[in-house]
Amino acid sequence: MTILDVDDGLVKVPIITIQPAFTTVIQEVWSGIIPSEEVWLSRYHQGSDSIHDRIRVTLDEEDRDKVTWESLRGKLELSRDDESGSYGVDSVRLLVPIQHYHLEETPKARRITSLAISPDQSQFAVGLLDGSIYLYPIVPPRTAVKYPEPQVAEVLHIRQTLVEALGKKTAHKSTVTSLRFFPSSRVLLSGGADFTMSIWPAEPLPPSSMSQKTASPTPARTLMAHTRPISSVAINPLDRGRTVLSGSADGTVRTWNVSSGSEVVDRRIRHGGSGLSAMVLDPEAETLYCALQDGSFEIFALQLSSADQSASNQNVPDENTTAPPNQPLFKSGRSIGGALTSIAVSSKSDSTPRLLATGTVNGIVSIYLIDGELPTHLVSFKRNGANIEALSFLPHPISNQSSLSLGLAVATSDGLPWIAAISVDIATKVATVTPYAELTGGEIDSVRDIVAISGEVWTVCDDGLVRRYLVA
Numbered sequence: 001m002t003i004l005d006v007d008d009g010l011v012k013v014p015i016i017t018i019q020p021a022f023t024t025v026i027q028e029v030w031s032g033i034i035p036s037e038e039v040w041l042s043r044y045h046q047g048s049d050s051i052h053d054r055i056r057v058t059l060d061e062e063d064r065d066k067v068t069w070e071s072l073r074g075k076l077e078l079s080r081d082d083e084s085g086s087y088g089v090d091s092v093r094l095l096v097p098i099q100h101y102h103l104e105e106t107p108k109a110r111r112i113t114s115l116a117i118s119p120d121q122s123q124f125a126v127g128l129l130d131g132s133i134y135l136y137p138i139v140p141p142r143t144a145v146k147y148p149e150p151q152v153a154e155v156l157h158i159r160q161t162l163v164e165a166l167g168k169k170t171a172h173k174s175t176v177t178s179l180r181f182f183p184s185s186r187v188l189l190s191g192g193a194d195f196t197m198s199i200w201p202a203e204p205l206p207p208s209s210m211s212q213k214t215a216s217p218t219p220a221r222t223l224m225a226h227t228r229p230i231s232s233v234a235i236n237p238l239d240r241g242r243t244v245l246s247g248s249a250d251g252t253v254r255t256w257n258v259s260s261g262s263e264v265v266d267r268r269i270r271h272g273g274s275g276l277s278a279m280v281l282d283p284e285a286e287t288l289y290c291a292l293q294d295g296s297f298e299i300f301a302l303q304l305s306s307a308d309q310s311a312s313n314q315n316v317p318d319e320n321t322t323a324p325p326n327q328p329l330f331k332s333g334r335s336i337g338g339a340l341t342s343i344a345v346s347s348k349s350d351s352t353p354r355l356l357a358t359g360t361v362n363g364i365v366s367i368y369l370i371d372g373e374l375p376t377h378l379v380s381f382k383r384n385g386a387n388i389e390a391l392s393f394l395p396h397p398i399s400n401q402s403s404l405s406l407g408l409a410v411a412t413s414d415g416l417p418w419i420a421a422i423s424v425d426i427a428t429k430v431a432t433v434t435p436y437a438e439l440t441g442g443e444i445d446s447v448r449d450i451v452a453i454s455g456e457v458w459t460v461c462d463d464g465l466v467r468r469y470l471v472a
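Residue 219 in UniProt numbering sits at position 219 of the sequence shown; the count goes up by one each step and never skips.
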């Protein structure tokens, strides 16, 4: 086990914010509903003065099908690419949701805490603070107008309820903390703050049932052994989901045999008394990356291809009779940003190494190069002190052969999700970080989860909305 010093330097990244409903203003001016209107635009950068401006939106004097805008204070310039329809300030894109999915209207917003998108991208699941889980079909966006507003996907009538709120026998009794689809895209794994993990049938509703209220299904399995909230779950794709993993604040990662519902006890991992905040499984390398509450992360080698064969003992034995805990291949030093709250690993490429990212409770994101046995710390950066709720890598749209360039989607508790552009010179191991895009449309509600998939980024938020952004 090797100890690595982290957070040797800290890059301060600026924040661009714009009036959340600015596209509504632009659309209303273009439609002739209002002759003109102003929207606010700001730039924040730690260590520098904040910049605030107002943008006047009007119809072009000659081309009445074109909207123009001007800076009233001359400090910030809003631009738009007519071909892609994307907005920007300086070199930072302002991405607008192409769709909203919302829960039913209630007097108080129901907070969404977790998100999973099926591998075939036909449906997604959301978990809520109250223990509910809902399943939605992914519907294509409608044909957009020239200056569109975010579309609301009218799918409430075909939403499936997997878990009702508190008081039901099959409910998570507390927050749904983690969701993952099995490789088939038709089975869902959930973990909760009630110390349990459940496996749910997730077949989409047939068209004949879309207008009918459906009963909540019974979980195929409910797995219980943890003594603290489950913070993260994972599925082993090498055995087609016959084994699953759960990480918990009790400081353990447990492997489960799905068919028997029992723990594979000789695979249990202990973290030396520190609770686990998040984990990510790399099935190709048979490696597990764990973010810990003490501010460090650990890397473990697993035997995923044979894990399900080790469940000969159907009952979890007493703690004193278990095998010695698996030792980490690597343990980092503790971050200066406090407890780690999130972790992500970029997808494998034949020609380039991968990147590892960790986020902390105080807003620090650290990037590591995974090339060989030990990860190399490249850079740490911060925008403000907001908690990093979740991280997700995506291929950066601007890349070249001389360096490794990726995008990193970042969900934060301040309600300002964004995409960082990470560029690494592999030979010198020098990395640069710049803001690539701001994910606009939200107010100040915390963004609890973020998923990047196939040129899109999805977020879930305390306001009860799922937002879908097109990146590529």
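Yeah, the Cβ is synthetic: ideal placement off N, Cα and C, and Gly gets one too.
- Message: As a quick exercise: from G442, D463 and G261, pick the residue whose alpha carbon is nearest that of P150.
- Response: G442
- Task: Report yes or no: do the region 454 to 469 and the region 31 to 50 share at least 3 C-beta pairs separated by less than 8 Å?
- Result: no
- Query: With distances taken from CA atoms, which of H102, G275, G85 and S413 is nearest R468?
  - Reply: H102
- Query: From F381 to A220, what does the alpha carbon distance come to, in whole angstroms?
  - Reply: 43 Å
- Task: Can you have a look at S184 and say buried or exposed, based on whether 16 or more other CB atoms are within 10 angstroms of its CB?
- Result: exposed
- Query: Is P141 closer than 8 Å to I98 when the C-beta atoms are compared?
  - Reply: yes
- Query: Would you say the region 327 to 339 touches the region 403 to 418, given that touching needs at least three Cβ pairs under 8 Å?
  - Reply: no
- So, using beta-carbon positions, are I426 and S392 closer together than 8 Å? no
- Query: Leaving out the 5 sequence neighbours to the left and right, which residues in its chain are closer than 6 Å to E70 when beta-carbon positions are compared?
  - Reply: R56
- Range covered by the alpha helix (DSSP H) that runs through residue 476: This structure gives no information on residue 476, because the portion of the chain shown stretches from 1 to 472.
- Task: Write down every uninterrupted run of the beta strand (DSSP E) in the region 81 to 149 whose length is 3 residues or greater and which is fully enclosed by it, in chain order.
- Result: 87 to 89, 92 to 95, 99 to 102, 112 to 117, 123 to 128 and 133 to 137
- Item | First through last residue of the beta strand (DSSP E) which encompasses R354 | R354 to T360
- Task: Return the chain-ordered ranges of every beta strand (DSSP E) run that is complete within the region 363 to 408 and spans a minimum of 3 residues.
- Result: 364 to 370, 375 to 382 and 388 to 395
- Query: S259: buried (16+ other C-beta within 10 angstroms of its C-beta) or exposed?
  - Reply: exposed
- Query: How about P201: is its C-beta nearer than 8 Å to some C-beta of chain C?
  - Reply: No chain C appears in the structure shown, which is made up of a single protein chain.
- Short check: CB of G261 to CB of V233, under 8 Å? no
- Message: On the DSSP letters alone, give me the boundaries of the beta strand (DSSP E) that V466 sits inside.
- Response: L465 to L470
- Which residues mark the beginning and the end of the beta strand (DSSP E) in which S454 is found? Here S454 belongs to no beta strand (DSSP E), and DSSP marks it neither H nor E.
- Message: As a quick exercise: from T428, P435 and A431, pick the residue whose alpha carbon is nearest that of W418.
- Response: P435
- Message: Is the separation between the beta-carbon of P328 and that of I299 shorter than 8 Å?
- Response: yes
- Message: Buried or exposed, going by whether 16 or more other CB atoms sit within 10 Å of the CB of S48?
- Response: exposed
- Do residue 479 and P14 have their C-beta atoms within less than 8 Å of each other? The requested residue 479 does not occur in the structure, where the chain is confined to residues 1 to 472.
- Query: Taking the alpha-carbon positions, what's the L302 to L223 distance?
  - Reply: 21 Å
- Item | Classification of G295 by the beta-carbon crowding that lies within 10 angstroms, buried from 16 upward | buried
- Task: Express the C-alpha separation of A278 and G228 in angstroms, rounding to a whole number.
- Result: Residue 228 is actually Arg in this sequence, not Gly. Between R228 and A278, the C-alpha separation is close to 14 Å.
- Please go through the UniProt repeat "WD" (223 to 266) and give each complete beta strand (DSSP E) segment of 3 or more residues, from N-terminal end onward. 230 to 235, 243 to 248 and 252 to 257
- Task: Could you check if K75 is buried or exposed, using at least 16 other CB atoms within 10 Å of its CB as the buried criterion?
- Result: exposed
- Query: Would DSSP call L292 helix, strand or coil?
  - Reply: strand
- Item | Status (buried if at least 16 other CB within 10 Å, exposed otherwise) for E438 | buried
- Neighbour-count burial assignment, Q331, 16 or more Cβ in a 10 Å radius: At residue 331 the sequence reads Lys, which differs from the Gln that was named. Answer is buried; the Cβ neighbour count reaches 16.
- Buried versus exposed, by CB contacts within 10 Å (16 or more), W256: buried
- Query: In three-state DSSP terms, what is L41?
  - Reply: strand
- By Cβ distance, which residues of its chain are closer than 6 Å to D73, with the 5 residues on each side in sequence left out? According to the sequence as given, residue 73 is Arg; it is not Asp. Cβ within range, chain order: D53.
- According to DSSP, which residues form a beta bridge with P435? A420
- Message: Under DSSP, the beta strand (DSSP E) around I199 begins and ends at which residues?
- Response: T196 to P201
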